[in-house]
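Residue numbers (this note's numbering), protein chains in the order written: chain H, 1146 to 1418; chain Y, 11 to 302.
Idealized CB from N, CA, C, for every residue including glycine.
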Amino acid sequence: MSDLEINPELCSRILAAFIADEVLKVGAQGVVVGVSGGIDSALSFALAVKALGRSASLGVAMPYRKSSPESLADAQLLAAHLEVELMVVDISPQVDAYFATQPTDDRNRRGNKMARERMSVLYDLSQERSALVLGTSNKSELLLGYGTLYGDMASALNPLGDLYKTQVYQLAEHLGLPSNLIQKPPSADLFEGQQDEQDLGFSYAQADRVLFHLVDQRCPEEEVVEMGFPAELVRAVRDRVRRNQFKRRPPLIAKLSARTIDLDFRYPRDWGH
Amino acid sequence: MSPQNRLRVALVQHAPRLGDLGPNLDWTCEVLASEVARGEDLVVFPELSLCGYFLKDLVPEIAVRLDGPEVDRLIKAVGRGSAVVGAVLESPAHRFYNAAILIADGRVVHVHRKVYLPTYGMFDEQRYLAAGSRFEAIDLPLVGGGSWRLGILICEDLWHPSSAYLLSRGGADLIICTSASPGRGVAGGRAELGTAALWGAMTTTYAALFTTFLAYCNRVGFEDGHYFWGGSRVLGPDGGLLGGEAAGDQPMILRVELDRGLLRRMRIAYPLLRDEREDVLWQQLKVEPGDV
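And the structure:
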């Protein structure tokens, strides 16, 4: 049995309860999820539907005119499978309007801009519906820093943040999500033909096991190498975790007073709920 | 006081609002009044049941005092029954304790201040709270004139065997453990959370080793992403689960009746407490501990 194997029944029950509890106790009416056609947002959306029901879970697909049509098709397939309506918001006008004045061929800049436009749409819709934005970043992406800060990383609640990518697949299979979504190679879809594992230079299957030993089990790097993982892989993973720490923290505040937010003004987020 | 033969215990597994004393106190008083009216002898609430667990800087803002109005209201609500309620207790010297307040006989008869304050992983209690320094078994006076000898532990206290040992040595026939245990540990595909499995094993083992009743009252709900898994239960002195099963992870009241007959039978069959060699322990503890 692999260390990364989870009991999907237990985990999906806890995550659905988490969504229901955190949404209802703050008085929100539901959640809004950006549905990309990929497995992470599919799982987040499915957990929301399980937790809150169909009418309180809004899925939003936000294609750009050059986005892969298969992604939208997969998002629609998911919505049909979950028997929920999918809202489609084309983000091309605002993205094109911006780059008309700030032209660039840098595909990462363009991709990040699109991710932040989607965030902006989701937060607007969440206000309209008194709903919370549900996150879709898994633990592998968060640790490796493979996400757009204030883009797809932005949310009010993230049910996937403590699940490695390989565990996301286990839950998705357990919940019977469409096999199309489970089988296709993971892609951030920032530009055409992009694949996560090519960008990263290693597979999630490899990285997740290294992360599990480094992060969950706090094994020293040498010990992980002794287990048989390539030294370059272990170093690359560790470097990404360290380099991207800033993405996992709120902005730094320069301390001046006796009580500074997040340094020594410490209150729980669920204060009063 | 002579021991009463039976004790009806109600464990109130619930999810307090975090840092919102007023509504929690109102609700607690309602439950207390209705459980006592039903005939429950002892009503037990989880750790920090009046205020929630991950308080951080809220600690001094939600603390109560033994001579304060909140404790007065609890005493009135308990009436002729008895109860264990969890709160942050501020001392006259302005220290803040994670406390379980035992009310009976129309007064506070005992306060257990958590001795072991976990400060590791997700826990940070020593940053905010003062530690207690005693484990004490006391006689709970009951309305019929009898009593039941018990001791209270709060969550992490139970992870140190000396705590249950000292209560047992003090003659406890019932160990009450209140808890706010955040669930964790899903690696390896187990059907049960790692924490839940360990608590299950510990409570069973302690009840059997100390041939005592053990009532474990854990909370439910979520705070800042932490999942409190519930699982409240009462174990008999044979390590068996009274009432047949533990609670799940939903709010509920678990009501169980303890029977001294079982305690007597088990202590005849397994005279472990009679045979305990405190002299050996005492002798060896006199040796100064070295650096580990």
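Quick check: the Cα distance between residue i and residue j, rounded to an integer number of angstroms?
i                : j                : result
L60 of chain Y   : R229 of chain Y  : 12 Å
V157 of chain Y  : R270 of chain Y  : In the sequence as displayed, the identity of residue 157 of chain Y is Ser instead of Val. Rounded to whole angstroms, S157 of chain Y to R270 of chain Y spans 12 Å at the Cα level.
P128 of chain Y  : A1196 of chain H : 32 Å
I1236 of chain H : T214 of chain Y  : 58 Å
L1302 of chain H : S1189 of chain H : 10 Å
L1345 of chain H : D1250 of chain H : 21 Å
Y209 of chain Y  : S173 of chain Y  : It should be pointed out that residue 209 of chain Y corresponds to Trp in this sequence rather than to Tyr. Each residue's alpha carbon lies about 15 Å from the other.
A47 of chain Y   : P79 of chain Y   : 23 Å
P1297 of chain H : A1333 of chain H : Looking at the sequence provided, one finds Asp at residue 1297 of chain H rather than Pro. Cα to Cα, the separation comes out at about 10 Å.
L1289 of chain H : N1389 of chain H : 7 Å
T188 of chain Y  : V1178 of chain H : 38 Å
V94 of chain Y   : G1417 of chain H : 23 Å
R18 of chain Y   : S44 of chain Y   : 14 Å
D167 of chain Y  : A141 of chain Y  : 11 Å
A1173 of chain H : P26 of chain Y   : 19 Å
Y107 of chain Y  : I1406 of chain H : 25 Å
V342 of chain Y  : E146 of chain Y  : Because chain Y in this structure spans residues 11 to 302, residue 342 of chain Y falls outside the shown range and cannot be described.
A1376 of chain H : D1353 of chain H : 15 Å
P1238 of chain H : V1278 of chain H : 23 Å
A1350 of chain H : Q1312 of chain H : 10 Å
V153 of chain Y  : V266 of chain Y  : 18 Å
V1379 of chain H : R1363 of chain H : 13 Å
D82 of chain Y   : D1307 of chain H : 43 Å
G1256 of chain H : V1266 of chain H : 16 Å
E50 of chain Y   : T38 of chain Y   : 15 Å
G258 of chain Y  : R1385 of chain H : 40 Å
Within 9 Å of any Cβ in chain Y, is that where the Cβ of residue i sits?
i                : result
G1179 of chain H : no
G1417 of chain H : yes
R1354 of chain H : no
Y1295 of chain H : no
D1250 of chain H : no
R1274 of chain H : no
L1149 of chain H : yes
A1162 of chain H : yes
E1154 of chain H : yes
K1310 of chain H : no
D1166 of chain H : yes
I1398 of chain H : no
F1336 of chain H : no
Y1419 of chain H : Residue 1419 of chain H cannot be examined here, being either before or after the span of chain H that is shown, 1146 to 1418.
How would you call residue i, buried or exposed, if buried means at least 16 neighbouring beta carbons within 10 angstroms?
i                : result
S1324 of chain H : exposed
R287 of chain Y  : exposed
P1413 of chain H : buried
A1218 of chain H : exposed
W239 of chain Y  : buried
E298 of chain Y  : exposed
Y274 of chain Y  : In the sequence under discussion, the amino acid at residue 274 of chain Y is Arg, which differs from the Tyr named in the question. Burial call: exposed.
Q1328 of chain H : exposed
L295 of chain Y  : exposed
E71 of chain Y   : exposed
H1358 of chain H : buried
G246 of chain Y  : buried
V54 of chain Y   : buried
Is there at least one Cβ from chain H nearer than 9 Å to residue i's Cβ?
i               : result
A197 of chain Y : yes
E233 of chain Y : yes
F64 of chain Y  : yes
G193 of chain Y : yes
A257 of chain Y : no
Y237 of chain Y : yes
D30 of chain Y  : yes
L68 of chain Y  : yes
E57 of chain Y  : no
A211 of chain Y : no
E50 of chain Y  : no
R277 of chain Y : no
A201 of chain Y : yes
R27 of chain Y  : yes
Using a Cβ-Cβ distance under 9 Å, would residue i count as near chain C?
i              : result
L35 of chain Y : The chain inventory of the structure shown lacks chain C, comprising the protein chains H and Y.
Which whole-angstrom value describes the C-beta separation of residue i and residue j, a residue pair presumed to lie in contact below a C-beta threshold of 8 Å?
i                : j                : result
I164 of chain Y  : E57 of chain Y   : 5 Å
Y1309 of chain H : N1283 of chain H : 7 Å
I1164 of chain H : V1176 of chain H : 7 Å
L1287 of chain H : S1157 of chain H : Actually they are not in contact, since the Cβ atoms of L1287 of chain H and S1157 of chain H sit about 20 Å apart, beyond 8 Å.
D1415 of chain H : E233 of chain Y  : 5 Å
V1229 of chain H : V1194 of chain H : 6 Å
Those runs of the beta strand (DSSP E) which lie wholly inside the region 79 to 127 of chain Y and span at least 3 residues: 92 to 100, 106 to 114, 117 to 123
Curious, which full-length beta strand (DSSP E) runs of at least 3 residues does the region 131 to 196 of chain Y contain? 147 to 151, 157 to 164, 184 to 189
Contiguous alpha helix (DSSP H) assignments of at least 4 residues, all confined to the region 1170 to 1235 of chain H: 1184 to 1197, 1214 to 1227
Beta strand (DSSP E) segments (min. 3 residues) lying fully within the region 18 to 68 of chain Y: 52 to 54
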